[in-house]
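Visitor:
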Amino acid sequence: MSEKILVIEDEQKIADFLRRGLTYENFRVEISNDGESGLKAARDNPPDLVILDVMLPGLDGLEVCRRLRAGGPLPILMLTARDSVADRVKGLDSGADDYLTKPFAFEELLARVRALLRRVRATDETVLHFGDL
């Protein structure tokens, strides 16, 4: 079964572009256009990874990231036009695992998605055995 990616992005053109590209790469994709619906989607049908814009209507991406992170180790890739060092630090400190600025190359985004999912798979596959336990 292919991994599910939740894209929380309010710019419809970017959301559609990500849906097409990620679907072509055999990911299942769900789109949410604001922070509240993104949190609900993540809670109701947990994804394997979230791609999250920072500048969202209503609840901003930094707060969404903090709330998602409080729920567990879900991989989060921030994708945003905010490109200053201070913005990148805020994004990572809010709980994002990676931060990519717009405009972006789809190939780079895809490589970052694969890297984040590899880390999750490696953690999931780690099994410890202790004697007869």
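Each residue of the sequence shown is one higher than the one before, counting from 13 in this note's numbering.
No residue lacks a Cβ here, since even glycine has one placed at the ideal position from N, Cα and C.
For clarity, every value in this text was computed on a predicted model and none was experimentally measured.
Are M90 and G70 touching if we call contact CB-CB under 8 Å?
Guide: Locating residue 90 in the sequence shown gives position 78, where the first residue counts as 1. Locating residue 70 in the sequence shown gives position 58, where the first residue counts as 1. No. Outside cutoff.
Visitor: Just verifying my parser: in three-state terms, what is the DSSP assignment at D72?
Guide: Taking the first residue of the sequence shown as position 1, residue 72 is located at position 60. DSSP places D72 in coil when its eight states are reduced to three.
Visitor: Counting beta carbon pairs with one atom in the stretch 98-110 and one in the stretch 73-87, are three or more of them shorter than 8 Å?
Guide: Verdict: yes, contact present.
Visitor: If you draw a straight line from the alpha carbon of D46 to that of D22, how long is it in whole angstroms?
Guide: Residue mapping note: residue 46 aligns to position 34 of the sequence shown, counting from 1. Residue mapping note: residue 22 aligns to position 10 of the sequence shown, counting from 1. Roughly 6 Å between the two C-alpha positions.
Visitor: Sort R131, E37, V66, Q24 by Cα distance to F118 and report the nearest one.
Guide: Residue numbering aside, residue 118 sits at position 106 when the sequence shown is read from its first letter. With distances taken between Cα atoms, F118 lies closest to E37.
Visitor: DSSP three-state call for L86: helix, strand or coil?
Guide: What you label residue 86 is simply residue 74 of the sequence shown in a count that begins at 1. Coil.
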